[in-house]
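Take the position in the sequence shown, starting the count at 1, then add 452; the result is the number in our numbering.
Right, one structure below, let's go through it.
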Amino acid sequence: MASSGIGLDLERIIFIGRTFEEYRDIFNLSNEDILNNKILDCPAGACSFTSIANRLGGNVTAADIAYSYPVQQLKNKGLLDIEHGIENIGKVKQNYVWNYFKAVDELRSSRMRALTDCTDDMCVNSNRYLAATLPQLPFQDNQFDITLSAHFLFMYSDRLDLSFHQATIRELMRVTRKEIRVFPIVDLASERSTHLDSIINLIEGAGWYYEIQNTGYEFQRNVNQLLRIYNKDNSI
453 MASSGIGLDL ERIIFIGRTF EEYRDIFNLS NEDILNNKIL DCPAGACSFT
503 SIANRLGGNV TAADIAYSYP VQQLKNKGLL DIEHGIENIG KVKQNYVWNY
553 FKAVDELRSS RMRALTDCTD DMCVNSNRYL AATLPQLPFQ DNQFDITLSA
603 HFLFMYSDRL DLSFHQATIR ELMRVTRKEI RVFPIVDLAS ERSTHLDSII
653 NLIEGAGWYY EIQNTGYEFQ RNVNQLLRIY NKDNSI
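Here is the structure:
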């Protein structure tokens, strides 16, 4: 993630997102979690969680590298990324579990819905979508009750080294009062991240607690667990 598009080619960003419904299942979120907490989604990409949760009465802020670009440019990029992603998935369908989505067309429709909800909301409520830099974020200490982080940490363990993971987790702890939920805990090969044990040591050393939870979501085969990091004094 970066704070601006300067020096960063939009082509290097993949602008694809999940729906509100997927987020509920990915992160084991209850209605009470969503409506009774101030939530940060980071990095949020083209996910519709911020749009729909706020529409339902929640208080959600999204942060991502992509938000430094104009909305229409992002939408156009997202449309291309969806088709490219669908094409690749179609070639390796055996690596996915076709229960949550019954067919490739259903997956495409879901990704399109997330992109549309996200970019439409960005046009109307741009203050909810902040360009940000990890491992630094432009937020106050304890500004959010819950932080959600999907398909970034651990997944790109081959590209983002341990020091980046450690600095990012520390920063998420700084801006979060109650808990952080990270999904998934595996890399792109669906193997347990090589950084996970060191991050667990960091969590415990910082006086926080953790648990690994099964989720109600599995699309990529064997990718169905999240890391919950929580402050026991302020936990939900």
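All residues carry an ideal CB built from backbone N, CA and C; glycine is no exception.
{"Item": "Coarse secondary structure for TYR475, derived from DSSP in three states", "Value": "helix"}
{"Item": "Extent of the continuous beta strand (DSSP E) run through ASN511", "Value": "511–515"}
{"Item": "Buried or exposed by the 16-neighbour rule on C-beta atoms within 10 Å, applied to CYS499", "Value": "buried"}
{"Item": "Burial state of SER562 (16 or more Cβ within 10 Å)", "Value": "buried"}
{"Item": "Three-state secondary structure (DSSP) of VAL675", "Value": "coil"}
{"Item": "Complete beta strand (DSSP E) runs within the stretch 549–627 (minimum length 3 residues, chain order)", "Value": "596–602"}
{"Item": "Per-residue burial, VAL512 [other beta carbons within 10 Å of its own, 16 or more giving buried]", "Value": "buried"}
{"Item": "Residue from VAL576, ASN666 and ASN528 with nearest C-alpha to LEU481", "Value": "ASN666"}
{"Item": "Option nearest ILE534 by Cα separation, candidates ILE468, THR628 and GLU474", "Value": "ILE468"}
{"Item": "CA-to-CA distance, ASN506 to ALA514, given in whole angstroms", "Value": "11 Å"}
{"Item": "For VAL634, three-class secondary structure by DSSP", "Value": "strand"}
{"Item": "Range covered by the alpha helix (DSSP H) that runs through ASN540", "Value": "523–543"}
{"Item": "Cβ contact check for the stretch 473–480 and the stretch 533–548: 3 or more pairs under 8 Å", "Value": "no"}
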